[in-house]
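As structure tokens, the structure follows; a few thoughts come after it.
Structure follows, in structure tokens:
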């Protein structure tokens with residue numbers, strides 16, 4: 036009798052395990068909408084939601100569409116973005132335990148960051164699941180959309196009748212796929228009006244222009260970077276998530292009684308591990324070497340130039356090289372007829388610059404050009420070419 040009971044219990048356990056295994060193979064469908072209060076002020080900021088996209092493709096008659104699962108901002112919520120000539124992406128913070136609202140405000144003031152439109156929903160579609168008779172059992176499931184946000188800590192601002200808050204948050208995609216979680220890393224109350232300098236500005240049409248004349252599109256005014264020294268902007272030219280150069284600034288005050296007077300200077304510097312190629316000039320000094328469009332630098336030319344001391348690599352800390360691009364006077368140094376805003380450097384600015392760096396530890400050579408506006412003062416870099424060290428570097 037006891038043996039029969041034991042066999043029965045074992046059989047029931049096996050059935051339970053089989054049922055559990057079958058349940059684990061069930062692909063969850065789109066979950067119901069979920070409102071999430073990220074800032075902790077009692078008002079929802081984000082919405083975890085789904086949508087169905089129907090697709091008609093004659094090449095794939097059995098593929099009818101896909102389900103999307105993601106996150107949408109609610110009214111009054113804006114997400115912070117980089118908005119410079121070099122960097123156009125979501126702003127992320129490395130230390131998610133702290134949120135330096137003072138630094139964020141300074142970056143917004145100097146036009147490095149901007150908010151998305153809090154009156155329009157911003158969507159992050161993170162997972163997708165195909166459906167249709169052609170989708171096999173092995174193909175059925177949730178997949179990442181390629182919108183890579185998992186593990187990145189972003190920043191949002193929430194404005195409602197209870198006040199203004201900012202928060203650092205991240206998306207999480209728990210296994211098995213089919214769910215989205217939002218984790219608040221840090222939240223803080225800020226004064227009303229915080230970061231308003233970074234709110235989007237709608238392009239304005241001239242009053243004389245007809246409202247629907249497609250030959251006269253609304254023009255966006257030039258971005259005006261205020262006087263001062265903006266926070267450093269670190270630039271990754273080799274796409275390995277390690278910065279190579281920094282767009283930086285310097286204040287050169289004149290030692291004089293009040294009011295303060297002096298000049299601001301903005302430009303580019305190498306970071307440790309990155310070097311500029313310098314060429315000897317007629318007076319024996321060294322200046323950055325440049326390639327004209329269509330020219331190339333071969334490995335033999337580089338090796339021979341370094342051996343003959345016609346070329347040198349300028350790499351910090353031994354040889355930091357500040358390439359000045361923009362400057363501006365402040366205080367009584369400004370003259371009455373001087374244009375308002377940023378001026379180009381008085382020294383000739385080269386078309387491009389050659390640098391040596393690494394990409395995941397692999398030595399690389401590249402060339403980049405400097406982009407800037409006057410009198411607005413926007414400043415950025417654009418990579419022109421990047422090759423392995425030992426290959427021909429061409430300026431296309």
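Residue numbers (my numbering): 36 to 431. Just so it is clear, CB atoms sit at the ideal spot from N, CA and C, and this is done for glycine as well. Since the model is a prediction, treat every value here as computed from it, not as a measurement.
Fewer than three pairs of CB atoms, one per stretch, sit closer than 8 Å, so the segment 160-176 makes no contact with the segment 186-204.
A straight line joining the alpha-carbon of residue 227 with that of residue 195 spans about 10 Å. Residue ranges of uninterrupted alpha helix (DSSP H) with 4 or more members, entirely inside the segment 333-402 and ordered along the chain, are 334-342. Comparing alpha-carbon positions, the option among 349, 431, 365 and 145 lying closest to residue 386 turns out to be 431. With respect to residue 382, residue 298 sits apart: the two C-beta atoms are not nearer than 9 Å. Scanning the segment 304-335 from its first residue to its last, the whole beta strand (DSSP E) runs of 3-plus residues come out as 310-315 and 321-323.
Rounded to whole angstroms, the Cβ separation of residue 109 and residue 80 is 6 Å, and the two are in contact under 8 Å. Here residue 407 is not near residue 323, since their CB atoms are 9 Å or more apart. Contact between the segment 143-152 and the segment 112-129 is present, with at least three C-beta pairs closer than 8 Å. When DSSP states are grouped into helix, strand and coil, residue 142 belongs to the helix group. When the five nearest sequence neighbours on each side are left out, the beta carbons in the same chain lying within less than 7 Å of the beta carbon of residue 225 are those of 136, 199, 200 and 201, in order along the chain.
Relative to the Cα of residue 259, the nearest Cα in the group 144, 105 and 400 belongs to 144.
Annotation: residue 218 to residue 158 spans about 17 Å, alpha carbon to alpha carbon. Out of 146, 230, 185 and 352, the CA that lies nearest to the CA of residue 123 is found in 146.
Taken atom to atom, the span from the alpha-carbon of residue 71 to that of residue 78 is near 8 Å. Nearest Cα to residue 413 within the set 419, 120, 214 and 229: 120.
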